[in-house]
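Below you'll find the structure, written out as structure tokens, and then a few comments.
Residue numbers (our numbering): 4 to 154.
In structure tokens form, the structure reads like this:
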């Protein structure tokens with residue numbers, strides 16, 4: 004990913020000394036989030052970029068381990084929500100729908116304030132610069148209805 008290094012956002016207030024960093028510590032990774040209602044076509048609901056992460060993965064790892072929390076080879080680290088500067092680059096349904104006040108219009112005409120039962124959420128990512136493209140594929144998950152508890 005070296006060709007896709009990018010400058011991250013300005014950090015204010017200045018982070019604690021062990022979290023300070025210089026140079027291009029972010030990565031220019033294009034991300035898109037789609038919602039696919041059951042038996043319908045998918046709709047792109049967000050286009051963002053990993054370079055908008057306020058805390059770099061190196062900073063997150065440093066913070067995670069500063070008090071002795073162990074990290075081993077193969078451990079997975081999640082970045083958290085990645086929200087960009089524009090409304091179409093927000094990273095959560097809470098932001099995208101303005102807390103449910105502005106429903107998102109799906110391609111099938113339905114609306115979403117939040118993710119519905121049986122919706123599939125798809126995230127796709129790739130880096131692209133000049134004639135070089137690195138695709139990360141996609142990850143998807145279907146929201147199943149809650150199990151009814153019978154007492």
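Built from N, CA and C at the ideal position, the CB exists for glycine as well.
>> Considering only DSSP beta bridges, list what residue 52 is partnered with.
In response: 33
> Counting Cβ pairs, one atom from each stretch, are 3 or more of them under 8 Å apart for the region 119-131 and the region 29-37?
Replying inline: yes
> Where do the ends of the alpha helix (DSSP H) carrying residue 97 lie?
Replying inline: 96-99
> Do the region 16-25 and the region 47-54 touch if we need at least three Cβ pairs shorter than 8 Å?
Replying inline: no
>> Counting C-beta neighbours from all protein chains within 10 Å, is the total for residue 39 16 or more, i.e. buried, or is it exposed?
In response: Answer is buried; the Cβ neighbour count reaches 16.
>> Just to confirm the assignment, what range does the beta strand (DSSP E) spanning residue 123 have?
In response: 123-132
>> Going by DSSP in three states, residue 135 sits in which element: helix, strand or coil?
In response: strand
>> Just to confirm the assignment, what range does the alpha helix (DSSP H) spanning residue 60 have?
In response: 60-68 is the extent of the alpha helix (DSSP H) around residue 60.
>> In whole angstroms, give me the CA-to-CA distance for residue 131 and residue 98.
In response: Each residue's Cα considered, the two are about 27 Å apart.
> Excluding five sequence neighbours on each side, which residues of the same chain lie with their C-beta closer than 6 Å to the C-beta of residue 41?
Replying inline: 121
> Taking the C-alpha atoms as reference points, what is the distance between residue 93 and residue 85?
Replying inline: 7 Å
> Rounded to a whole number of angstroms, what is the C-alpha to C-alpha distance between residue 102 and residue 115?
Replying inline: 11 Å
>> Helix, strand or coil for residue 27? Go by DSSP, reduced to three states.
In response: Three-state result, residue 27: coil.
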